[in-house]
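Below is one structure, written out as structure tokens; the observations come after it.
There are 2 protein chains.
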Amino acid sequence: MSSAWQDEVAAATQAGRRISDRFIVDKVRQAVLAQRLPPGTRLPEVTLGEVFGVSRSVVRKALTRLAADHVITQQPNQVARVRAPSVEETRETFAARRLVEGEVAALLAGQLDAETLATLEAHVDSEARAHAAGDEPSRIEHSLAIHHLLAERSPNRVLGAMLTDLVLRTSIVIALYKHSGVASCYLADDHPALLAHLARGEPEAARRCIHDHLHALERLLDLGPRETRIDLMAILGQGEAL
Amino acid sequence: MSSAWQDEVAAATQAGRRISDRFIVDKVRQAVLAQRLPPGTRLPEVTLGEVFGVSRSVVRKALTRLAADHVITQQPNQVARVRAPSVEETRETFAARRLVEGEVAALLAGQLDAETLATLEAHVDSEARAHAAGDEPSRIEHSLAIHHLLAERSPNRVLGAMLTDLVLRTSIVIALYKHSGVASCYLADDHPALLAHLARGEPEAARRCIHDHLHALERLLDLGPRETRIDLMAILGQGEAL
DNA sequence: GCCAGCATTTCTGTATACAAACTATTCGGT
DNA sequence: ACCGAATAGTTTGTATACAGAAATGCTGGC
Chain V
1231 MSSAWQDEVA
1241 AATQAGRRIS
1251 DRFIVDKVRQ
1261 AVLAQRLPPG
1271 TRLPEVTLGE
1281 VFGVSRSVVR
1291 KALTRLAADH
1301 VITQQPNQVA
1311 RVRAPSVEET
1321 RETFAARRLV
1331 EGEVAALLAG
1341 QLDAETLATL
1351 EAHVDSEARA
1361 HAAGDEPSRI
1371 EHSLAIHHLL
1381 AERSPNRVLG
1391 AMLTDLVLRT
1401 SIVIALYKHS
1411 GVASCYLADD
1421 HPALLAHLAR
1431 GEPEAARRCI
1441 HDHLHALERL
1451 LDLGPRETRI
1461 DLMAILGQGE
1471 AL
Chain W
1231 MSSAWQDEVA
1241 AATQAGRRIS
1251 DRFIVDKVRQ
1261 AVLAQRLPPG
1271 TRLPEVTLGE
1281 VFGVSRSVVR
1291 KALTRLAADH
1301 VITQQPNQVA
1311 RVRAPSVEET
1321 RETFAARRLV
1331 EGEVAALLAG
1341 QLDAETLATL
1351 EAHVDSEARA
1361 HAAGDEPSRI
1371 EHSLAIHHLL
1381 AERSPNRVLG
1391 AMLTDLVLRT
1401 SIVIALYKHS
1411 GVASCYLADD
1421 HPALLAHLAR
1431 GEPEAARRCI
1441 HDHLHALERL
1451 LDLGPRETRI
1461 DLMAILGQGE
1471 AL
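Note that the protein sequences, when read in sequence, are chains V and W. Numbering of the first sequence is given in the numbering used here, commencing with residue 1231 and proceeding in unit increments. Numbering of the second sequence is given in the numbering used here, commencing with residue 1231 and proceeding in unit increments.
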């Protein structure tokens, strides 16, 4: 489990930054997003504590926050595990994100300052370049940055925070259910089109653009026959939980 | 601060139920909703621990969860305090709830089984009776039960969970900004009308009903001139935080 | 060879101790 | 009388110890 964390911890401690729960939350989140911690991975408190060089108190706080962010599951007297959202929850997460991000995009149309638009443009370009170069991690990073910036700039901060959460959860399930045949969930025209609608101030077009984009993304996933296996797992495992 | 909690704690411990973080979270939430803990109230860990008869470990976990639920604020090295959402956040919370609850209602139209409809009907009736009798706490309880049941029955569980959170936050700001002149935020016709649309299976009518209901509710609040005072407080207090 | 029951080991739940940070008060100077 | 600094008092941050629950592995019987 330690993987590359040890180095980061060493670097951070040398830099004088104290390791806090925030640090652990970020690192685990990133690791889950990068699929370095696959769903179902056990996350014992002592082990995490040793990895990050802190005691269980700090780890516990981090785990509680990760559970609130839907990144892990925490059942009483049981080891925390990386969450594995079901196919059904995946569909529902996409639907929720369509609703929220569509509204945010509509609110944002025509309201973005030049600097933000330029930053978005830069991310779109970088994403295209990364895709062309076959650098998938970099492409994902820029794609996430686009949607994260939309959430941050949302005039309605409550919706913005909800969108941040949904973007994270969507990314996790994309990594989880990505069709093995498809190398990358990249839709070349969607982000540029969205940006154009936002810049031109067309709320409903922007909303529709988000809807189509997310529908297309969901269609790229492999949400088919695995359902039965997961159901069996749930039933034979611990059906009464939750 | 102890107020009536001591009794509840005693009753719970006698009943053999162990006091856990869940218990504390529920009690604090209810107390905030009932305005027994006004916004800004300090919640020191040791004090809460003494009230509930547990140590700081349990209290800390409860506080972390309450912070995740937007009930309290937790800044480093500072006492946890009951959150006092600003006027701006109040407006944004209402807007977010309109979006989410409107969608949930639309999804739910024509999909509710007879039993759920009957339960909803019962709550609507009880709410009207409580209002007629001037029993405001009971009225609020039934009103909350209606919206909470909608959130629970949402076909999209992700949206349902988000709605549960938004209903709680809306209730808190209603209690906070209720116009002093208005005794009760009760709109006699809204809930029955919503129920009719849900029963008859009219998605868009149900959505519009929710929108109108929440707009009317927001208009009943006193969201006027206080804004300047809050801004001054924030600026003179700790402007650079968050 | 297979299964039930028990022992061991692992892990979480909770309490407590000590250190660091923040708050408030008081005292001295102007 | 007012302002600033030092100090006493709270309150949180973190580590650690012990108890209880759950999972794992082992042994004995069939």
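Beta carbons: idealized from backbone N, C-alpha and C, even for Gly. Just so it is clear, the structure is predicted and the values come from calculations on it, not from any experiment.
Next item on the list: Tell whether a beta-carbon distance below 8 Å holds between Ser1414 (chain W) and Glu1366 (chain W).
Entry: Yes, Cβ-Cβ distance for Ser1414 (chain W) and Glu1366 (chain W) is below 8 Å.
Next item on the list: Identify, in the order they occur along the chain, each residue of the same chain with its Cβ nearer than 8 Å to the Cβ of Leu1396 (chain V), setting aside the five sequence neighbours on each side.
Entry: Excluding sequence neighbours, Leu1396 (chain V) sits near Thr1323, Ala1326, Arg1327, Val1330, Glu1331.
Next item on the list: Using the DSSP secondary-structure output, state which residues sit across from Lys1408 (chain V) in a beta bridge.
Entry: DSSP lists V:Leu1451 as partners of Lys1408 (chain V).
Item checked: Three CB pairs or more closer than 8 Å across the region 1253 to 1268 of chain V and the region 1289 to 1298 of chain V -> Contact holds: three or more Cβ-Cβ distances are below 8 Å.
Item checked: Glu1357 (chain V) to Phe1253 (chain W) span [Cα, whole Å] -> Across the structure, Glu1357 (chain V) and Phe1253 (chain W) are spaced so that their CA atoms are roughly 47 Å apart.
Notebook entry, point to check: Do Arg1387 (chain V) and His1300 (chain V) have their CB atoms nearer than 8 Å?
Noted result: No.
Notebook entry, point to check: Do you know offhand how far Ser1285 (chain V)'s Cα is from Ala1429 (chain W)'s?
Noted result: Per the coordinates, the alpha-carbon of Ser1285 (chain V) lies some 54 Å from the alpha-carbon of Ala1429 (chain W).
Next item on the list: Report all residues from its chain with a CB closer than 8 Å to the CB of Leu1425 (chain W); omit the five preceding and five following residues, and keep chain order.
Entry: So the qualifying residues of the chain are Leu1347, Leu1350, Glu1351, Val1354.
Checklist line | Near-chain W residues of the region 1289 to 1304 of chain V (beta-carbon distance less than 7 Å), N- to C-terminal order | finding: For the region 1289 to 1304 of chain V, the beta-carbon criterion of a distance under 7 Å to any beta-carbon of chain W is satisfied by Lys1291, Thr1294, Arg1295, Ala1298.
Note to self: Report the CB separation of Leu1451 (chain W) from Tyr1407 (chain W) in whole angstroms; it is logged as a contact under 8 Å.
What the structure shows: At roughly 4 Å, the Cβ-Cβ gap stays under 8 Å, so Leu1451 (chain W) and Tyr1407 (chain W) are in contact.
Check: What residues from the region 1374 to 1404 of chain W come within 7 Å of chain V, judged by C-beta to C-beta, listed N to C?
Finding: Listed by position along the chain: Asn1386, Arg1387, Val1388, Leu1389, Met1392.
Next item on the list: Between the Cα of Asn1307 (chain W) and those of W:Arg1369, W:Pro1274, W:Asp1442, spot the shortest distance and give me the residue it belongs to.
Entry: Among W:Arg1369, W:Pro1274, W:Asp1442, the Cα nearest to that of Asn1307 (chain W) belongs to W:Pro1274.
Check: Which residues share a DSSP beta bridge with Arg1252 (chain W)?
Finding: Per DSSP, Arg1252 (chain W) has no beta-bridge partner at all.
Item checked: Identity of the residues DSSP links to Ala1303 (chain W) by a beta bridge -> In the sequence as presented, Ala is not what sits at residue 1303 (chain W); that position holds Thr. DSSP output for Thr1303 (chain W) lists W:Arg1311 as bridge partner(s).
Check: Leu1329 (chain W) CB to nearest chain V CB: under 8 Å?
Finding: Judged by the 8 Å Cβ criterion, Leu1329 (chain W) is in contact with chain V.
Item checked: 9 Å Cβ cut-off: residues of chain W touching Glu1275 (chain V) -> For Glu1275 (chain V), there are no neighbours in chain W by C-beta distance under 9 Å, as the nearest C-beta there is about 13 Å away.
Check: Quick one: does Glu1319 (chain V) have its CB under 8 Å from some CB of chain W?
Finding: Using a Cβ-Cβ cut-off of 8 Å, Glu1319 (chain V) counts as an interface residue toward chain W, since at least one Cβ of chain W sits closer than that to its own.
Check: Does Ala1326 (chain V) have its Cβ less than 8 Å from a Cβ in chain W?
Finding: So yes, Ala1326 (chain V) belongs to the interface.
Item checked: Thr1394 (chain V) versus Ser1384 (chain W): straight-line alpha-carbon distance, rounded -> Distance between the alpha carbons of Thr1394 (chain V) and Ser1384 (chain W) is about 22 Å.
Notebook entry, point to check: Looking only at its own chain, which residues have a Cβ that is under 6 Å from the Cβ of Leu1267 (chain V), when we skip the five neighbours before and after it?
Noted result: The answer, listed in chain order, is Ala1261, Val1312.
Next item on the list: Check the Cβ of Thr1271 (chain V) against every Cβ in chain W and list those closer than 7 Å, keeping chain order.
Entry: What Thr1271 (chain V) touches in chain W: nothing, since even the nearest Cβ is about 22 Å away.
Checklist line | As assigned by DSSP and simplified to three states, the class of Lys1291 (chain V) | finding: Helix, per DSSP.
Note to self: Can you find the residues in the same chain that come closer than 8 Å, C-beta to C-beta, to Ile1376 (chain W), ignoring five residues on each side of it along the sequence?
What the structure shows: Around Ile1376 (chain W), the same chain offers Leu1350, His1353, Val1354, Glu1357, His1421 as residues with beta carbons nearer than 8 Å, after the five sequence neighbours per side are excluded.
Notebook entry, point to check: Which first and last residues belong to the alpha helix (DSSP H) in which Gly1332 (chain V) is found?
Noted result: Per DSSP, the unbroken alpha helix (DSSP H) holding Gly1332 (chain V) starts and ends at 1317 to 1338.
Margin query: Looking at the strands, I want to know which residues DSSP matches up with Arg1272 (chain V).
Written below: DSSP lists V:Arg1311 as partners of Arg1272 (chain V).
Next item on the list: Could you tell me which of V:Thr1277, V:Glu1280, V:Pro1269, V:Arg1290 sits nearest to Asp1251 (chain V), measuring between CA atoms?
Entry: Between Asp1251 (chain V) and the set V:Thr1277, V:Glu1280, V:Pro1269, V:Arg1290, the nearest pair of CA atoms involves V:Arg1290.
Checklist line | 8 Å Cβ cutoff, Glu1448 (chain W) in contact with chain V | finding: For Glu1448 (chain W), the closest Cβ of chain V is not nearer than 8 Å.
Next item on the list: For the alpha helix (DSSP H) holding Val1354 (chain W), just list the boundary residues, first then last.
Entry: Taken as a continuous stretch (DSSP letters only), the alpha helix (DSSP H) holding Val1354 (chain W) covers 1344 to 1363.
Check: Whole-angstrom Cβ separation of Pro1433 (chain W) and Ala1363 (chain W), contact assumed at under 8 Å?
Finding: No, Pro1433 (chain W) and Ala1363 (chain W) are not in contact; Cβ-Cβ is about 34 Å, not under 8 Å.
Item checked: Sequence-distant residues of its chain with Cβ nearer than 8 Å to Met1392 (chain W) (five each side left out) -> Correct list, in chain order: Val1330.
Notebook entry, point to check: Roughly how many angstroms separate the alpha carbons of Gly1390 (chain V) and Lys1257 (chain V), rounded to a whole number?
Noted result: The alpha-carbon atoms of Gly1390 (chain V) and Lys1257 (chain V) are separated by roughly 22 Å.
Check: Within the 8 Å Cβ cut-off, does Glu1322 (chain V) reach chain W?
Finding: By this cut-off, Glu1322 (chain V) is an interface position.
Check: Taking the alpha carbon of Glu1448 (chain W) as the point to measure from, which residue in W:Leu1278, W:Glu1371, W:Gln1341, W:His1409 has its own alpha carbon closest?
Finding: The option with the nearest alpha carbon to Glu1448 (chain W) is W:His1409.
Check: Can you tell me where the alpha helix (DSSP H) with Arg1430 (chain W) in it begins and where it stops?
Finding: Element bounds for Arg1430 (chain W): 1420 to 1430.
Next item on the list: With a threshold of 16 other CB atoms inside 10 Å of the CB of Ala1369 (chain V), please say whether the residue is buried or exposed.
Entry: In the sequence as presented, Ala is not what sits at residue 1369 (chain V); that position holds Arg. Buried: at least 16 other Cβ atoms inside 10 Å.
Next item on the list: Please work out which residues of its chain come closer than 8 Å, Cβ to Cβ, to Val1288 (chain V), disregarding the five sequence neighbours upstream and downstream, and give them in chain order.
Entry: Cβ within range, chain order: Ile1249, Ser1250, Asp1251, Ile1254, Gly1279, Phe1282.
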